[in-house]
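Undergrad: Under our numbering, the first residue of the sequence shown carries the number 10, and numbering increases by one thereafter.
My structure is below; once you've seen it, I'll send some questions.
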Amino acid sequence: IGNKPKISKEVRQSLIEGYLIARDNGHEHIHILDLLAPLLNNDGTLRSVIKNLQLSIDSIENSIAWFLMQDKALMAKYYNHGGKYLNLQKKARLVASAVATPVLEHFTVDLTEKARQEHKEIFIGRRELEDIFQFFFVGKKQVVLSGDEGVGKSFIISAVAEKIINDDVPKALRQKRLLLLDNEKIKNEGLNIAIDKKILIILQEARIDKNVILCVKDVEEKIWQILSEYASDILLIATSARQGVNFAGAQVVEVDRPNANSLIKMLAAESIGIEEKYKVYFYYQALEAALYAAQKYFAETNAVEKGKEILTQAAIDISRQTSRYINGAFVAKTVSALIGEPYTKILK
Numbered sequence: 010i011g012n013k014p015k016i017s018k019e020v021r022q023s024l025i026e027g028y029l030i031a032r033d034n035g036h037e038h039i040h041i042l043d044l045l046a047p048l049l050n051n052d053g054t055l056r057s058v059i060k061n062l063q064l065s066i067d068s069i070e071n072s073i074a075w076f077l078m079q080d081k082a083l084m085a086k087y088y089n090h091g092g093k094y095l096n097l098q099k100k101a102r103l104v105a106s107a108v109a110t111p112v113l114e115h116f117t118v119d120l121t122e123k124a125r126q127e128h129k130e131i132f133i134g135r136r137e138l139e140d141i142f143q144f145f146f147v148g149k150k151q152v153v154l155s156g157d158e159g160v161g162k163s164f165i166i167s168a169v170a171e172k173i174i175n176d177d178v179p180k181a182l183r184q185k186r187l188l189l190l191d192n193e194k195i196k197n198e199g200l201n202i203a204i205d206k207k208i209l210i211i212l213q214e215a216r217i218d219k220n221v222i223l224c225v226k227d228v229e230e231k232i233w234q235i236l237s238e239y240a241s242d243i244l245l246i247a248t249s250a251r252q253g254v255n256f257a258g259a260q261v262v263e264v265d266r267p268n269a270n271s272l273i274k275m276l277a278a279e280s281i282g283i284e285e286k287y288k289v290y291f292y293y294q295a296l297e298a299a300l301y302a303a304q305k306y307f308a309e310t311n312a313v314e315k316g317k318e319i320l321t322q323a324a325i326d327i328s329r330q331t332s333r334y335i336n337g338a339f340v341a342k343t344v345s346a347l348i349g350e351p352y353t354k355i356l357k
């Protein structure tokens, strides 16, 4: 009695990390979920106990991340519900932009407005996202995401849009609109006008708007030459899967293929919207089964996107039943109906 409790070095480190995680998650107080991941990483005894129980450390860490995503989604939904009056101001600004910059508005898609309307957050952290923000933070203007098809470049672009609407970005990106060039429109509309002239008009109107970040997916070398020469003063994010392209003047961020844990977290982020739309609940094993099936039976497609399709179909299938809980076996049966394989084989 009277002695101060001694806190081990591991627990002290976990408390510090938990505090930082709580801050990043927007929590006013440290929640148990904020502490679980640091404790797992720092406490060797706890990890040994979990391994002795034949539990997967990765599965536990991924589940923690999933719970935190759901928590953030609820907070975002509450925030969006309370911001209806602000939306009137945003709509007024959009109308003004449409009048002042008609060509820019016609040939682009507003990814920030799309993210705001869908009320869906992408919470998965990726190194590449931090690299983008760091470049803009130090004053760079143009960033190119380079990587093979299916590594998640579009996912990262969507994450940038989500971060912008949540004001969780460097000062240079705050209150900006992320406008994606519609490549098909630019190529197929106004055929009597050269593509390079269309691009120049778009760039000129982007300068008028001033609150624009242009985004170009699958940028071709010819288009990049125009952008590098005439858009050096405009904030720009581009993506490319082409090897050997000289992106002069840009900061190139190499996008690596996500590992298994990153993929499951990406799918977990996508599952939140499915749960809300169809009023269902996924077990962690359902995510594993969907991702496994996507990689094994639909290898030519994006694993996360196909996994999302599988989970959506499972949510539709279970609507015919009284239960709203979807486990791995149910997802396997959904895949079985799609490909004709016995569900027990898929489940294995």
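Glycine included, C-beta positions come from ideal geometry on N, C-alpha and C.
As the structure is a computational prediction, the values presented were derived from the model and not from experiment.
Measure the Cβ-Cβ separation of residue 152 and residue 141 and say whether it is below 7 Å.
TA: The residue labelled residue 152 in the question sits at position 143 within the sequence shown. The residue labelled residue 141 in the question sits at position 132 within the sequence shown. The answer is yes: Cβ separation under 7 Å.
Undergrad: Between residue 300 and residue 349, what straight-line distance do the alpha-carbon atoms span, to the nearest angstrom?
TA: For this step, residue 300 is matched to residue 291 along the sequence shown. For this step, residue 349 is matched to residue 340 along the sequence shown. So the alpha carbons of these two residues sit roughly 18 Å apart.
Undergrad: Tell me whether the beta-carbon of residue 75 lies closer than 7 Å to the beta-carbon of residue 247.
TA: Along the sequence shown, read from residue 1 onward, the residue named residue 75 stands at position 66. Along the sequence shown, read from residue 1 onward, the residue named residue 247 stands at position 238. In this structure, residue 247 does not lie closer than 7 Å to residue 75 by Cβ.
Undergrad: In three-state terms, what does DSSP make of residue 345?
TA: Stepping through the sequence shown from its first residue, residue 345 is reached at position 336. It is helical.
Undergrad: What residues in its chain sit with their C-beta under 6 Å from that of residue 340, if we drop five residues either side in the sequence?
TA: Counting from 1 along the sequence shown, the entry for residue 340 is found at position 331. Correct list, in chain order: 295, 298, 299 and 323.
Undergrad: Exposed or buried, which one is residue 193 when buried takes at least 16 other CB atoms within 10 Å?
TA: On the sequence shown, position 184 is the one that residue 193 refers to. Answer is exposed; the Cβ neighbour count stays below 16.
Undergrad: Quick one: Cα of residue 344 to Cα of residue 355, how far?
TA: The residue given as residue 344 occupies position 335 in the sequence shown. The residue given as residue 355 occupies position 346 in the sequence shown. Approximately 8 Å, taken between the alpha carbons.
Undergrad: Look up residue 13 in the DSSP assignment and say whether it is helix, strand or coil.
TA: Looking up residue 13 in the sequence shown gives position 4. Residue 13: coil per DSSP, three-state reduction.
Undergrad: Hey, how far is the Cα of residue 78 from the Cα of residue 291?
TA: Numbered from its first residue, the sequence shown carries residue 78 at position 69. Numbered from its first residue, the sequence shown carries residue 291 at position 282. Residue 78 and residue 291: Cα-Cα distance of roughly 14 Å.
Undergrad: Could you pull out every residue in the same chain whose Cβ sits closer than 8 Å to the Cβ of residue 242, ignoring the five residues on either side in sequence?
TA: Walking along the sequence shown from the start, residue 242 turns up at place 233. Cβ neighbours of residue 242 beyond the five flanking positions: 150 and 216.
Undergrad: Inspect the beta-carbon positions of residue 52 and residue 26 and report whether they are closer than 7 Å.
TA: Walking along the sequence shown from the start, residue 52 turns up at place 43. Walking along the sequence shown from the start, residue 26 turns up at place 17. No; because the gap between Cβ atoms is not below 7 Å, this pair is not in contact.
Undergrad: Near residue 59, which residues of its chain fall below 8 Å by C-beta distance, leaving aside the five closest residues on each side in sequence?
TA: By one-based count along the sequence shown, residue 59 stands at place 50. Result list for residue 59: 49, 66 and 69, in chain order.
Undergrad: Relative to the C-alpha of residue 314, which residue among 164, 144 and 41 is closest?
TA: On the sequence shown, position 305 is the one that residue 314 refers to. The shortest C-alpha separation from residue 314 is found at 164.
Undergrad: Would you tell me roughly how many angstroms separate the C-alpha atoms of residue 93 and residue 38, rounded to the nearest one?
TA: Within the sequence shown, numbered from 1, the residue matching residue 93 stands at position 84. Within the sequence shown, numbered from 1, the residue matching residue 38 stands at position 29. Residue confidence for residue 93 is low, a pLDDT of 49 falling below 50, so the modelled location carries little weight; the figure read from the coordinates is stated next. Their backbone Cα atoms lie some 27 Å apart in a straight line.
Undergrad: Consult DSSP for residue 189 and reduce its assignment to one of helix, strand or coil.
TA: Stepping through the sequence shown from its first residue, residue 189 is reached at position 180. Residue 189 falls in the strand class under three-state DSSP.
Undergrad: Relative to the C-alpha of residue 24, which candidate in 36, 45 and 33 has its C-alpha closest?
TA: The count along the sequence shown starts at 1 and reaches residue 24 at position 15. When only C-alpha atoms are compared, the closest one is 45.
Undergrad: Just to confirm the assignment, what range does the beta strand (DSSP E) spanning residue 263 have?
TA: Stepping through the sequence shown from its first residue, residue 263 is reached at position 254. Note, residue 263: beta strand (DSSP E), 260-263.
Undergrad: Can you round the beta-carbon distance between residue 113 and residue 211 to whole angstroms, since I take them to be within the 8 Å contact cut?
TA: Here residue 113 refers to the residue found at position 104 when the sequence shown is read from its first residue. Here residue 211 refers to the residue found at position 202 when the sequence shown is read from its first residue. At roughly 5 Å, the Cβ-Cβ gap stays under 8 Å, so residue 113 and residue 211 are in contact.
Undergrad: For residue 246, does the three-state DSSP call read helix, strand or coil?
TA: One-based indexing of the sequence shown puts residue 246 at position 237. Residue 246: strand per DSSP, three-state reduction.
Undergrad: Reducing DSSP to helix, strand and coil, say where residue 152 ends up.
TA: Taking the first residue of the sequence shown as position 1, residue 152 is located at position 143. It is a strand residue.
Undergrad: Where does residue 222 fall in DSSP's three states?
TA: Looking up residue 222 in the sequence shown gives position 213. Here residue 222 sits in strand by DSSP.
Undergrad: For the alpha helix (DSSP H) that residue 20 lies in, which residues bound it at each end?
TA: Taking the first residue of the sequence shown as position 1, residue 20 is located at position 11. Segment 18-33, the alpha helix (DSSP H) holding residue 20.
Undergrad: With residue 176 as the anchor, note down where its alpha helix (DSSP H) starts and where it stops.
TA: By 1-based counting over the sequence shown, the position of residue 176 is 167. Unbroken run through residue 176: none, as it is neither H nor E.
Undergrad: Within 8 Å, do at least three Cβ pairs link the segment 243-263 to the segment 216-229?
TA: The segment 216-229 is in contact with the segment 243-263.
Undergrad: For residue 290, write down the residues that DSSP places opposite it in a beta bridge.
TA: Within the sequence shown, the letter at position 281 stands for residue 290. Answer by DSSP bridge pairing, in chain order: 334.
Undergrad: Can you tell me the Cα-Cα spacing of residue 175 and residue 169, whole angstroms?
TA: Sequence index remark: in the sequence shown, residue 175 carries index 166 (1-based). Sequence index remark: in the sequence shown, residue 169 carries index 160 (1-based). When rounded, the distance between both Cα atoms is 10 Å.
Undergrad: Measure the beta-carbon distance from residue 200 to residue 224 and round it to whole angstroms, keeping in mind my assumption that it falls under 8 Å.
TA: Walking along the sequence shown from the start, residue 200 turns up at place 191. Walking along the sequence shown from the start, residue 224 turns up at place 215. With 8 Å as the limit, residue 200 and residue 224 do not qualify as a contact, their Cβ atoms being about 24 Å apart.
Undergrad: Strictly by DSSP, which residues pair up with residue 119?
TA: On the sequence shown, residue 119 is found 110 positions in, with the first residue counted as 1. For residue 119, which the question treats as bridged, DSSP gives the partners 188.
Undergrad: Looking at C-alpha atoms only, which residue of 281, 120 and 237 is the closest neighbour of residue 255?
TA: As a working mapping, residue 255 is identified with position 246 in the sequence shown. Comparing Cα positions, the closest option is 237.
Undergrad: Spatial neighbours of residue 17 within its chain, please: CB distance less than 8 Å, with the 5 preceding and 5 following residues excluded, ordered by chain position.
TA: Translated into positions along the sequence shown, residue 17 becomes position 8. Once the five neighbours on either side are set aside, residue 17 has no close Cβ partner at all.
Undergrad: Secondary structure at residue 282, three-state DSSP: helix, strand or coil?
TA: Looking up residue 282 in the sequence shown gives position 273. Note: residue 282 maps to helix in three-state DSSP.
Undergrad: To which residues of the same chain is residue 303 closer than 6 Å at the C-beta, ignoring the five residues directly before and after it?
TA: Here residue 303 is taken as the residue at index 294 of the sequence shown, counted from 1. These residues qualify, in order along the chain: 312, 315 and 316.
Undergrad: How should residue 264 be labelled, buried or exposed, when 16 other C-beta atoms within 10 angstroms of its C-beta is the threshold for buried?
TA: By one-based count along the sequence shown, residue 264 stands at place 255. That one is buried.
Undergrad: Could you give the distance in angstroms between the alpha-carbon of residue 33 and the alpha-carbon of residue 239?
TA: If you number the sequence shown from 1, residue 33 lands on position 24. If you number the sequence shown from 1, residue 239 lands on position 230. Their Cα atoms are separated by approximately 38 Å.
Undergrad: Return the CA-CA distance between residue 218 and residue 184, expressed in angstroms with no decimal places.
TA: Residue numbering aside, residue 218 sits at position 209 when the sequence shown is read from its first letter. Residue numbering aside, residue 184 sits at position 175 when the sequence shown is read from its first letter. Between residue 218 and residue 184, the C-alpha separation is close to 12 Å.
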